[in-house]
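Engineer: Counting from 171, one number per residue, gives the positions in the sequence shown under my numbering. Even for Gly, the Cβ is constructed at its ideal location relative to N, Cα and C.
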Amino acid sequence: CEDAWIVAAGLIPLTERLKFLVALRPGSGTPALFARHAATLDRISGGRVLLNVVTGADPADLAGDGNKLNHDDRYAQTDEFLTIWRRILSGEPADFEGKYLSAHGTDISFPPVQQPHPPLWFGGSSDAGIAIAAKHVDAYLSWGEPVDQLAEKIGRVRQAAAAQGRTIRFGLRIHLIVRETEDEAWAAADRLISRVTDDLIAEAQNGFVNISE
């Protein structure tokens, strides 16, 4: 796909109110580099930048970007990344020495419009993912799931965030089918579903779970 940072930069002068949810991939660059990117994009957009932290992805895509860490190590790396990134943008001392990343005397000359930093969005259903959300992010994202499953997951995230003394918001990724009437919308949904088998649906859902964890 196209690079989200460059696409957002190109759209900023053509828009006034549109906000940009840009992918922030901890395994593809340093916290200092992405802190400068985020601050710059936030300033030139007048504070219209949101960042979607992407830790999980298709293993082949991750390997293509040079990230060969396993699931738990990726989330541990993300924890270190966001710790440094948030300190830099908040103007705090960013001296840090971790297992995966380090920073010493790192700062930025021009802070972002949104303080202390552009809002962080994130989705991850594993224990490691929920721990990252509770500690670092402003909004937790989930796929549209059955209500009871979604309620249970949101409860886990809220509880984990409360243990960190934090409150976070929630968002859902849901696909909408819009027609002139409700009957027409359901008919369109039925046509879409009729084109795939239960096995294909299960395979796709399993893939989404693996990526979102």
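Buried or exposed: residue 371, going by 16 or more other Cβ atoms within 10 Å of its Cβ?
Structural biologist: So residue 371 counts as exposed.
Engineer: Do residue 196 and residue 248 come within 7 Å of each other at the CB atom, strictly closer than that value?
Structural biologist: Yes, the pair counts as a contact, with Cβ atoms nearer than the cut-off.
Engineer: Who pairs with residue 266 in a beta bridge, going by DSSP?
Structural biologist: Note: residue 266 sits in a beta bridge opposite 273.
Engineer: Tell me whether residue 212 is buried or exposed, calling it buried when 16 or more other Cβ atoms sit within 10 Å of its Cβ.
Structural biologist: Buried, because 16 or more other Cβ atoms sit within 10 Å of the Cβ of residue 212.
Engineer: Name, in chain order, the residues that DSSP records as bridge partners for residue 244.
Structural biologist: Per DSSP, none; premise fails for residue 244.
Engineer: Let me know the secondary structure DSSP gives residue 256 once reduced to three states.
Structural biologist: Helix, per DSSP.
Engineer: Assign residue 218 to buried or exposed, taking buried as 16 or more other Cβ atoms, counted over all protein chains shown, within 10 Å of its Cβ.
Structural biologist: Buried is the call here.
Engineer: Give a yes or no on whether the C-beta atoms belonging to residue 282 and residue 260 are separated by under 7 Å.
Structural biologist: No. Outside cutoff.
Engineer: Assuming residue 310 and residue 293 make a contact with CB atoms under 8 Å, what is their CB distance in whole Å?
Structural biologist: Contact flag correct, Cβ pair sits at about 7 Å.
Engineer: Beta-carbon separation of residue 198 and residue 243 under 7 Å?
Structural biologist: No; because the gap between Cβ atoms is not below 7 Å, this pair is not in contact.
Engineer: In this structure, does DSSP put residue 206 in helix, strand or coil?
Structural biologist: Helix.
Engineer: Rounded to the nearest angstrom, how far is the Cβ of residue 194 from that of residue 221, given a contact under 8 Å?
Structural biologist: With a Cβ gap of about 4 Å, residue 194 and residue 221 count as contacting.
Engineer: Reducing DSSP to helix, strand and coil, say where residue 327 ends up.
Structural biologist: Looking at residue 327 - three-state DSSP - the assignment turns out to be helix.
Engineer: Use the C-beta contact count for residue 284: other C-beta atoms within 10 angstroms, 16 or more gives buried, fewer gives exposed.
Structural biologist: The residue is buried, with at least 16 neighbouring Cβ atoms inside 10 Å.
Engineer: Less than 7 Å separating the beta-carbons of residue 327 and residue 300?
Structural biologist: Result yes, Cβ atoms of residue 327 and residue 300 sit closer than 7 Å.
Engineer: What's the C-alpha gap between residue 358 and residue 331?
Structural biologist: Whole-angstrom Cα-Cα distance: 39 Å.
Engineer: Does the Cβ of residue 337 have 16 or more other Cβ atoms within 10 Å, making it buried, or fewer, making it exposed?
Structural biologist: Under this definition residue 337 is an exposed residue.
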